[in-house]
Amino acid sequence: MDQSPLLQNDKQYLSYEKELPENTRVMLISAVYSGENQKVKLKFYDPNLHVIYFWQDKTNHKPYCYTKLEYEKRAEEIAAVEKKFELKRIPKIDLLSDREIQAIKIIAPDPLSIGGRGGIREKLTVWEANIKYHENYLYDTRLIPGSYYKRKGDEIIEDPYKMSEIVQNALKNFLWDKILDSKEARNDKYREYVREWADLLNQPIPEIKRLALDIEVDSEEGRMPVPREHDRKVTAVGIVSNDERKVFLLEQDKNPDDGTELIPEAVMCKTEKELLEKTFKLISSYNLLVTFNGDDFDLPYLYERSQDPAIDPINHTIIPKEEIPILVKRDTVIKKGIQTEPVQLRHGVHIDLFRTFQNRSIQIYAFSHKYSEYRLNAISEALLNDSKIEFEGNIGDLPIQKLAQYCLKDTELTFRLTRFNDNLLLKLLFVIARISRLSVEDLSRVGVNQWIRGMLFYEHRKINALIPRTEELRYKGEVSTTAIIKEKKYRGGLVVEPTPGIHFNVSVVDFASLYPSIINVHNLSYETVNCPHDSCSQDPHQKIPDTAYWTCKEKKGITSLLIGSLRDLRVNYYKQLSKDKTISPEERQLYTVVSQAIKVILNASYGVMGAEIFPLYCLPVADATAAIGRNIITKTIDKCRESGVEVVYGDTDSLFLRDPSQGKVEEISKWAKTNQGVDLELDKEYRYVVFNNLKKNYLGVLKDGTVDVKGLTGKKSHTPAFIRKTFYSMLDILGKVNTEKDFDTAREKIKNIVRESAKKLESDEYPMEELSFNVMINKSPEKYGKKSSENKRITSIDGHDSINNSIKGIPQHIKAALLFSNGRQAKAGDIISYVKTKTSEGVKPVELATHKEIDTEKYLEAMESTLDQILTALDVNFKSIIGKPRQSNLDELFWSN
DNA sequence: GCGGACTGCTTACCT
DNA sequence: ACAGGTAAGCAGTCCGCG
């Protein structure tokens, strides 16, 4: 067979890959499938020498999937024609029926024979055919990304660091305590799982040297350069790493190398080819590359451009593929209508921060929602308190000094984002890799459902269980509850009606990771809810309250075991270790990160069960979890009442107790543990809490004077800054209130603040920006103004089906966005800043409006509704404070007549 | 033909 | 593309009314 030039080039490049030496401790960082050799290639990182080693699979592992006996005949027919398939009967555990079955393993020479076009997946009902081959390989070989290994001959064997004695003892103690107080822990399996997690998660995380990269491309007004077209010059490449800072600049006629003062980091390149070659060389010398949107722009652009003879104006040569550290995978994907080539680094790992920061779990749990937009500038401002360099006009028209500074700044911001909070992001990613069994490369690009998928799929393989097909999980039963919100599938958490008023000495108690605890204690898993055993379905003790479900008592479910062991480890082990002063600060920090990573996984573990995209989606599990949660909180409220403790509020897993007398919290907590099997902890103590009649809306002052606000409009990000600031100065006053009496002086101070603010508004003293409402648009602007269920068939009263596509109203922030001038287009994810005006649209983008146009009346209304949420608690209201009664239009009419 | 009650849509928040 | 529950503001429709 002829070898294509590409193949030869690739082989040639292979010789630059360093092969994994024997007996060296290395961390597995990723696995990729190499189509040329039809083998998996593993990448390992040497934490001492900071190099990446390669290892190509030497076992005889092959792609495969399964089918069941009922389809055996058909499978044999196919195999008779397509000789590449090999069939084998293999015993497998079928968790849904709790039986051992004979499965037929269909072995193929390459992954495409399974899942490609015309593959077996299209011809037969098969199991486990939607798993990427490199994932399959890792599951079967038990190799876990983020773990340490060494090579012995052709074998890769585990090579973990030894746990310190303190940490080991802490684990023993934890297990011992567990055995004393819970029956699960007496189970050998549970102890085995806890130990395995700890062995895995206590491994140190090396700091990997990394390089951030950002490129600038000459571009015209209003047209973004596209990698596929690669028709514009690469004019600058910024490089920032642990020990380098550079910006490669293209010398052009408009900016000749005439000795102009440039920043010291600048390196001039005569041609684009030279610029690209220098860039590629640097990329190759690092193991971890970080970009912002490099997946869809920087890397494919660099690659495409390197293959364009225009980069060498004299000889018209391109850069040979083997000198390029970027690998373009053959299959192109269509994303948002744009065709992009998926790119991969040949030898190292590439993290695209744009994608990683978009992950909701990362945004919320790793960065506590500090950023809300996914642009480099927005994230940098939120996390680093630094921003991009601003400029006017076209990037192509920037003088070279400015271009250099701009490009370097972007690169530096990208780099610094990975350093934020002591390299939190990277550390977290490596811990999540261990839990999810996914490489950092993979997991930084996918949602949390895939993380949990990885963890559970691995587990199935480990216990030789067949992974069910999604349809099989639908037969687990109908949902048992009705949601409060229509369009939702089942009922969720319970919210207790707040008792309006000001309550002093309120203790807040909450259940420590309630849903994971429920999954653990009540043995919830897709195979244990409505399990096949009569002994369970007939046992009233196994019935889940307020539902038609029962749960299994014969066997512990896999989700329950995994989530349960992780939860207990976090609550009873890692949280303690992270505070243990007898261990080193570095180690403590690792445990803090581990605890955070587990939290992310736990928080999502319940949600994914009710999410269609999750491959093990099982509504009864999610439904049952929430139902038990409501039952537990309701019973606990009853217990509080019996003990004479007043519950003034509660939401899902928390209760607000009004001035509980000595020992009551302990009493209730103990009751919850014995009767419900869950940990009820004292979360915080408020000096006082203010409730109106609204749920998820309150204000509390902690014993130390810290003010906690939840849900109030003044806190919301869309509220104009001047109102928000006024709101927060009112809170400052309230933070200083200690007793009932203090409210009198506080009230007067607050009235002054409000009066002052209203006066400033009416005399146009607030700058325009402070008046803007800031609202995010969540879909592309064209999609507004239509019924969401456009063209959905609606059966009208007379029984006729009609097509309903009537135009609906356009929201204010979209109206404002449509008024943008000079071709500025709003897109999904942008925050629109607009002010309310007296113009016909009623709104205007803030930068286009003047004070004259401001609709002050509307702003007074906004102030009123926002501030009254606090004022009413003080027995005052906005209208009375600003003196003159606000006149309605009718009043005005009346008076003028 | 007008105004209040109501519904639906959208966003931001809470657990 | 993890879940459901709650609030607020706006846009549009329904419905009653000599």
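Under my numbering, think of the first position of the first sequence as 1115, with each following residue one higher.
Think of the CB as a built atom: it goes at the ideal place given N, C-alpha and C, for glycine as much as any other residue.
Assigned secondary structure, residue i (DSSP; H/G/I helix, E/B strand, else coil)
i, result
"residue 1720", "helix"
"residue 1936", "coil"
"residue 1650", "helix"
"residue 1436", "helix"
"residue 1521", "helix"
"residue 1776", "coil"
"residue 1758", "coil"
"residue 1269", "strand"
"residue 1333", "coil"
"residue 1216", "strand"
"residue 1254", "helix"
"residue 1419", "helix"
"residue 1224", "coil"
"residue 1133", "strand"
"residue 1888", "strand"
"residue 1640", "coil"
"residue 2088", "Residue coverage of the chain in this structure runs from 1115 to 2011, which leaves residue 2088 outside it and unanswerable."
"residue 1448", "In this prediction, residue 1448 has a pLDDT of 48, which is less than 50 and means its spatial position is unreliable; what the coordinates show is noted afterwards. It is a strand residue."
"residue 1200", "strand"
"residue 1902", "For residue 1902, the predicted model reports a pLDDT of 40, less than 50, meaning its position is unreliable; a value from the coordinates is still stated below. In this structure, residue 1902 counts as coil in the three-state DSSP scheme."
"residue 1996", "coil"
Exposure of residue i, with buried meaning 16 or more beta-carbon neighbours within 10 Å
i, result
"residue 1505", "exposed"
"residue 1290", "exposed"
"residue 1939", "exposed"
"residue 1868", "buried"
"residue 1233", "buried"
"residue 1379", "buried"
"residue 1338", "exposed"
"residue 1252", "buried"
"residue 1203", "exposed"
"residue 1598", "exposed"
Nearest candidate by alpha-carbon position, reference residue i, set the options
i, options, result
"residue 1184", "1198, 1170, 1168 and 1216", "1216"
"residue 1572", "1257, 1732 and 1539", "1257"
"residue 1209", "1311, 1582 and 1785", "1582"
"residue 1368", "1515, 1634 and 1190", "1515"
"residue 1948", "1442, 1891 and 1640", "1891"
"residue 1435", "1339, 1471, 1395 and 1466", "1395"
"residue 1464", "1599, 1440 and 1318", "1440"
"residue 1269", "1255, 1972, 1316 and 1279", "1255"
"residue 1803", "1613, 1884 and 1413", "1613"
"residue 1672", "1353, 1356 and 1574", "1574"
"residue 1936", "1943, 1959 and 1945", "1959"
"residue 1843", "1754, 1871, 1699 and 1195", "1871"
"residue 1632", "1645, 1996, 1527 and 1789", "1789"
"residue 1237", "1972, 1762, 1195 and 1682", "1195"
"residue 1178", "1977, 1228 and 1499", "1228"
The ligand FAD heavy atom lying under 7 Å from the CB of residue i
i, result
"residue 1704", "Summarising the ligand content, the structure contains no ligands, and the ligand FAD is consequently not present."
Beta-carbon separation (whole angstroms), residue i vs residue j, contact threshold 8 Å
i, j, result
"residue 1141", "residue 1260", "7 Å"
"residue 2016", "residue 1343", "A question about residue 2016 goes unanswered here, because the residues of the chain that appear run from 1115 up to 2011."
"residue 1457", "residue 1413", "4 Å"
"residue 1350", "residue 1364", "7 Å"
Contacts around residue i, its chain only, beta-carbon distance under 8 Å, and the 5 residues preceding and following it disregarded
i, result
"residue 1693", "1702"
"residue 1479", "1710, 1713, 1714 and 1717"
"residue 1377", "1361, 1515, 1518, 1519 and 1522"
"residue 1660", "1594, 1595, 1741, 1744 and 1745"
Close Cβ partners of residue i (< 6 Å) along its chain, the five nearest in sequence each way excluded
i, result
"residue 1773", "1619"
"residue 1902", "Only weak support is given to the placement of residue 1902: the predicted model assigns it a pLDDT of 40, under 50, and the value that follows is read from those uncertain coordinates. Taken in chain order, the list of residues that qualify is empty."
"residue 1421", "1432"
"residue 1898", "1924 and 1928"
"residue 1156", "1145 and 1169"
Chain-order list of residues whose beta-carbon lies under 7 Å from that of residue i (same chain, five-residue window excluded)
i, result
"residue 1496", "1484 and 1485"
"residue 2013", "Not covered by the structure: residue 2013. The range shown for the chain is 1115 to 2011."
"residue 1991", "1982 and 1985"
"residue 1503", "1519, 1520 and 1523"
"residue 1705", "1688, 1691 and 1692"
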